[in-house]
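Numbering (my numbering), first residue to last: 317 to 642.
Backbone N, C-alpha and C define an ideal beta-carbon position, used for all residues, glycine too.
Everything on this sheet refers to the single structure shown next.
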Ligand code: F6P
Ligand code: MN
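What follows is the structure, encoded as structure tokens:
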């Protein structure tokens, strides 16, 4: 018999109030994810219109798409009036204050990889749950709570809306993977663990000319294969959805790289520290891997702003260390 997500969470988290709050929040996110997955299907529309731009821009200056907004609103509706004191999202410039007595801070990328929606490719939702530190129910104090380094996370994970709807989750005692079976998330037999080295790399190669010498040298060694100093043939994959590229790394090992580059606004990379890099880094470390900005561990960085970007290199520990010492 497969174990349900509810049962898995209850076993570890039912001991105290904080644990129950974390459990309920993850289950609420699971309920939102079912709605998002359903909305990605044709859903009675003439065509699926979830990729239609709606005229507004997000914190990145990208045009918001219908599904970005739907996902954000579905999450807010599910977590409201429960345990989350403050909600931070890629789709919101500022904090949303929710539950005055809430013990948790929730940070999300509600719809990761949204440029893939129209192409029927995998997209997802990434989340990070932090403890609330300040009693004052005011934006400036709770914003500060969202800027805790990633080591403070209580739980993190991501959903993928692809051929299957799946969840990769950590509550700080390893990583577990779940799959939506009809209306319930059930635990997969597979336990995600990263090998010391892999033979896959994931990077957007079209940016090669903008990279630092360090990134170029590292990727060149992968491309050199058996003839090069890594003495191994590599395969390359790039989905363009962080969630899907991450799942593949968890499955097969290897390294994901979105380094800083010379393009305007890419000098600290593309991905967001608080709601993309930190939750992925927590999962990666819990699976025995390493996540870095190229110099130091992601989880030790103290964020300075909610939408701050960071270079992100993660995956098999040995591969990431090779990159750092390049
Ligand atoms: O959230 C940003 C994102 O969509 C990630 O999911 C993905 O890894 C990255 O951007 C892709 O960036 P690019 O289009 O530059 O390859
Ligand atoms: Mn994203």
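Measuring CB to CB, does residue 499 end up less than 8 Å from residue 570?
no
Report buried or exposed for residue 460, applying the criterion of at least 16 other Cβ atoms within 10 angstroms of its Cβ.
exposed
Thinking C-beta only, is residue 518 closer than 8 Å to residue 583?
no
Proximity below 8 Å, CB of residue 388 to CB of residue 415:
Taking 8 Å as the Cβ cut-off, residue 388 and residue 415 do not qualify as a contacting pair.
Collapsed DSSP secondary structure at residue 559 in the structure displayed:
Look at residue 559 here: in three-state DSSP terms it is helix.
Proximity of residue 341 and residue 422 at Cβ, strictly below 8 Å
yes
Three-state secondary structure assigned by DSSP to residue 453
coil
Going by DSSP, what residue range makes up the alpha helix (DSSP H) through residue 400?
Segment 400-405 is the beta strand (DSSP E) holding residue 400; no alpha helix (DSSP H) there.
Within the same chain, show all residues whose beta-carbon is closer than 7 Å to that of residue 512, passing over the 5 residues directly before and after it, in chain order.
Closer than 7 Å at Cβ, skipping near neighbours: 632, 633, 634.
Thinking just about the alpha-carbon of each residue, which of 510, 492, 524 is nearest to the one in residue 504?
492
Going straight from the alpha carbon of residue 456 to that of residue 402, what length do you get?
The C-alpha of residue 456 lies about 11 Å from the C-alpha of residue 402.
Between the stretch 529-547 and the stretch 437-455, do three or more beta carbon pairs fall short of 8 Å?
no
Have a look at the DSSP bridge pairing and note the partners of residue 293.
Because the chain spans 317 through 642 in this model, residue 293 falls outside it and cannot be assessed.
Along the chain, where does the beta strand (DSSP E) that runs through residue 608 open and close?
606-608
For residue 383, is the beta carbon positioned less than 7 Å from some heavy atom of the ligand MN?
no
Once the 5 residues before and after residue 604 are set aside, which same chain residues still bring their CB inside 6 Å of it?
509, 510
Excluding the 5 residues flanking residue 643 on each side, which residues of the same chain have their C-beta closer than 6 Å to its C-beta?
With the chain covering only 317 through 642, there is no way to say anything about residue 643.
Return the residue from the list 526, 628, 589 that minimises the CA-CA distance to residue 606.
628
Is any non-hydrogen atom of the ligand F6P found closer than 7 Å to the C-beta of residue 574, if you look at the structure I gave you?
yes
Kindly identify the DSSP beta-bridge partner or partners of residue 484.
474, 493
Specify whether the stretch 419-433 and the stretch 536-547 touch according to this definition: at least 3 beta carbon pairs, one from each stretch, less than 8 Å apart.
Verdict: no, contact absent.
What's the call for residue 552, buried or exposed, on a 16-neighbour Cβ count within 10 Å?
exposed
Can you give me the C-alpha to C-alpha distance between residue 332 and residue 434, rounded to a whole angstrom?
43 Å
Below 7 Å CB to CB, which residues in the same chain sit around residue 477 once its five sequence neighbours on both sides are set aside?
Non-local C-beta neighbours of residue 477 in its own chain, meaning closer than 7 Å and more than five positions away in sequence, comprise 352, 353, 356, 438, 439, 440, ordered along the chain.
Exposed unless 16 or more other CB atoms sit within 10 angstroms - verdict on residue 370
exposed
Once the 5 residues before and after residue 489 are set aside, which same chain residues still bring their CB inside 8 Å of it?
328, 602, listed in sequence order.
Flag residue 429 as yes when its Cβ comes closer than 7 Å to any non-hydrogen atom of the ligand MN, and as no otherwise.
yes
To the nearest angstrom, how far is it from the Cα of residue 419 to the Cα of residue 623?
22 Å
I need the straight-line Cα distance from residue 380 to residue 410, nearest angstrom please.
16 Å
Helix, strand or coil for residue 408 per DSSP?
coil
Any idea what DSSP makes of residue 659, helix, strand or coil?
Nothing about residue 659 can be reported from this structure: the residues present for the chain run from 317 to 642 only.
With a threshold of 7 Å (Cβ to nearest heavy atom), would residue 425 be considered close to the ligand MN?
yes
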